[in-house]
Structure formats: structure tokens, C-alpha cells
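Q:
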Amino acid sequence: MRVQRKVLSKLSRRGVVRLLGENRVITLMDTLDEMLREFYEPKTAEKVVKNGIKLIFKVGLLYRENKLTDEQLRLLSDIERDFQRLALTIQSFRKVQFSYNRVFMLASIDAIHRSILNIVEQTLSEKSVKRVANVFDHFSDGEFLDLVFTSTAPVHTELVHRFAEELDHLLHTGSSEDSRGDDDTENSTP
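Quick note, in full-length UniProt numbering, the sequence shown goes up one by one and the last residue is 190.
Okay, structure coming up:
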């Protein structure tokens with residue numbers, strides 16, 4: 001068990017994720033890191049991103065190994081749906097000036113948080129539960145969200161634009177795993 005944890009810890013580091021992951025996801029995570037660094041200390045931002053990567057990796061591993069119950073799979077489906085809605089909302093905030101709604105964002109983030117926490121509490125360690133808390137405590141900080149979505153500073157505008165573009169691309173093409181199939185035509189994008 002200890003060896004397994006050490007391997008998972010090593011595999012979940014950003015450098016390894018770069019080797020295994022899709023470039024768009026990596027770019028999205030890097031942009032997210034930059035956004036966090038605008039509001040939080042660099043070490044804090046790095047820890048939040050690292051914890052997020054570990055959680056994605058571990059839950060993804062549970063999914064691929066068929067270790068989730070039907071209820072957990074339903075929750076995972078709800079998370080995907082809620083995340084897509086959140087991504088579309090972020091797109092809207094970027095495209096329509098003065099459309100940012102802090103209350104809506106916090107409610108959307110909270111719904112995703114509760115679903116992920118439900119899965120993690122049942123399947124992973126207490127340390128992973130703390131990782132969930134760490135990630136969502138930072139992303140549900142109203143002041144952070146206000147800075148990201150209402151600041152007119154060029155650096156914030158550019159970061160939100162890049163983040164929204166990466167989200168948009170992922171929404172329209174899916175991740176590299178989603179586009180895998182036996183038929184090569186599934187891998188092409190319009």
C-alpha cells in the first residue's frame with residue numbers, strides 16, 4: 001500500500017502529467033495556476049493545483065479500474081454535467097460584459113464540490129478529503145472569483161480569456177480519452 005501511494009504521488013506531479021496528458025488540459029492547468037498566483041501566494045497556488053491534479057488522477061484511476069459503484073458513477077456524470085455548465089457560464093462571463101454573478105458561481109462550484117466530496121469520502125483516504133477541501137476552499141473564495149471575473153487589468157483579462165478558450169476547446173472536442181475509438185474519423189475535429 002505504501003509503495004502504491006508513493007507511485008501515485010510521483011505520477012500525479014505536473015511533469016508526469018505533462019508526459020501523459022493532453023496539451024490542452026496541461027495548458028488549462030497552467031493557466032489556472034497563473035490565475036491562482038494573481039491572488040494567492042505562489043506556494044499556495046502550486047499546492048491547490050497539485051492537489052487538483054492528484055484528485056483528478058486518483059478519481060480517474062478509480063473510474064478506469066471500474067472501482068466506482070453505480071451511485072458514484074451517477075455522481076461522476078453529474079460532476080461532468082455541472083462542470084460543463086460552469087465552463088459555459090465562464091464563457092458567458094468572458095463574452096458578455098457585466099454578466100458575472102458571484103452567487104451563481106459559488107452555487108455552481110459548491111454543487112461540484114459536494115459531488116466530488118461524496119465520491120472521495122467513500123473511496124479515498126482522509127488526506128484526499130483534505131485535498132478536496134483545499135482545492136474548493138480556494139476556488140470558492142468570493143474575492144478570488146471577483147478578481148478573476150471583474151478585474152479590467154490586462155493580465156486578468158488575458159488569463160480569463162486563455163482559460164475560457166481552453167475550456168471552450170475541451171467542451172467542443174473532449175479530452176484525448178473521450179476522442180479515442182476504433183474509428184479514426186472520431187478523432188477528427190470540425
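The beta-carbon is built from N, C-alpha and C at its ideal position, and this holds for glycine as well.
Could you pull the start and end residues of the alpha helix (DSSP H) that Leu145 belongs to?
A: Note, Leu145: alpha helix (DSSP H), Gly142 to Thr150.
Q: Using CA coordinates, which residue listed in Leu68, Val25, Glu46 and Asn51 is at the minimum distance from Asn118?
A: Asn118 has its Cα closest to that of Leu68, out of Leu68, Val25, Glu46 and Asn51.
Q: Looking only at its own chain, which residues have a Cβ that is under 6 Å from the Cβ of Asp30, when we skip the five neighbours before and after it?
A: Nothing meets the Cβ criterion.
Q: For the alpha helix (DSSP H) that Val155 lies in, which residues bound it at each end?
A: Unbroken alpha helix (DSSP H) run through Val155: Pro154 to Thr173.
Q: Could you check the C-alpha separation between Val48 and Ala87 for me, to the nearest Å?
A: Those two C-alpha atoms are separated by around 19 Å.
Q: On the DSSP letters alone, give me the boundaries of the alpha helix (DSSP H) that Tyr63 sits inside.
A: Tyr63 -> alpha helix (DSSP H) spans Pro42 to Arg64.
Q: Whole angstroms is fine: what's the gap from Arg102's alpha carbon to Gln72's?
A: The alpha-carbon atoms of Arg102 and Gln72 are separated by roughly 29 Å.
Q: In chain order, what residues of the same chain have a beta carbon less than 6 Å from the beta carbon of Phe39, not counting five sequence neighbours either side?
A: Cβ neighbours of Phe39 beyond the five flanking positions: Phe144 and Leu147.
Q: Count the other CB atoms, across all protein chains shown, that sit within 10 Å of the CB of Glu186; report buried if there are 16 or more and exposed otherwise.
A: Confidence at Glu186 is low in this model, with a pLDDT of 40, below 50, so its placement is unreliable and no value can be given for it.
Q: Thinking just about the alpha-carbon of each residue, which of Pro42, Ala111 and Leu32 is nearest to the one in Leu76?
A: Checked all of Pro42, Ala111 and Leu32; the closest Cα to Leu76 is Ala111.
Q: Give every residue of the same chain whose Cβ lies closer than 8 Å to the Cβ of Leu28, excluding the five residues on either side of it in the sequence, and list them in chain order.
A: The residues are Phe163, Glu166, Leu167 and Leu170.
Q: Which class does Val25 belong to by DSSP, given the choice of helix, strand or coil?
A: Looking at Val25 - three-state DSSP - the assignment turns out to be helix.
Q: Measure the C-alpha to C-alpha separation of Phe83 and Glu65 and round it to an integer number of angstroms.
A: Near 23 Å, if we compare the C-alpha coordinates of Glu65 and Phe83.
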